[in-house]
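Written below as structure tokens is the structure these notes are about.
Residue numbers (our numbering): 3 to 183.
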């Protein structure tokens, strides 16, 4: 069992069962779902509180979701730190400014890669707030609660991701969909 910690890839069934246990524990111990998009807004509230605490306190959103460090906030650094530790243990850690998969398709421009990453992150944040949650909030916690809205949101995440991936990277024969690439 300990060798699993050193594996480059885990069984999706085992990982899914672990996430399922995590969600059940979250509901049991805090009566709250897991999700990470709120953590980014809490971070924004904490940073804004350093500059203008009265403005942050007056915002309706931060009256509902206090900009504090709690277990839901810690999911984001926990995922980053956990991924780092897992890559070290499995021997797959490596630093890349431009991943090979990206460079083969779009070139080795660090500025382009990071600009697209930043734009994607902004759109992801906007979309998760617009949808009322992120892929973990809707796709995992919401589906666990049999929420129709979460099921539709998760379906939209997958459909959108597949269409954008096809449009950017094309289909296996190398042609881009809709002639975008």
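In this text, a Cβ means the ideal position worked out from N, Cα and C, and glycines have one as well.
Helix, strand or coil at residue i according to DSSP, with G and I counted as helix
i	result
residue 86	helix
residue 137	helix
residue 40	helix
residue 13	coil
residue 68	coil
residue 159	helix
residue 29	helix
residue 170	helix
residue 165	helix
residue 24	helix
residue 49	helix
Exposure of residue i, with buried meaning 16 or more beta-carbon neighbours within 10 Å
i	result
residue 156	buried
residue 181	Low per-residue confidence applies at residue 181: pLDDT is 47, beneath 50, and the placement is therefore not dependable, though the value from the model is reported in the following sentence. Exposed: under 16 other Cβ atoms inside 10 Å.
residue 77	buried
residue 185	The first residue shown for the chain is 3 and the last is 183, placing residue 185 beyond what the model contains.
residue 117	exposed
residue 13	exposed
residue 28	buried
Assumed close pair residue i, residue j - CB separation to whole angstroms, cut-off 8 Å
i	j	result
residue 74	residue 34	7 Å
residue 8	residue 91	5 Å
residue 37	residue 69	16 Å between Cβ atoms; not a contact.
Residue j beta carbon less than 8 Å from that of residue i
i	j	result
residue 39	residue 152	no
residue 10	residue 102	no
Residue i: CB within 7 Å of a non-hydrogen atom of the ligand HEM
i	result
residue 127	In the structure on display, the ligand HEM does not appear, and there are no ligands present to speak of.
Original post:
What residue ranges within the segment 99-140 form continuous alpha helix (DSSP H) runs of no fewer than 4 residues, ordered along the chain?
Top reply: 102-108 and 112-132
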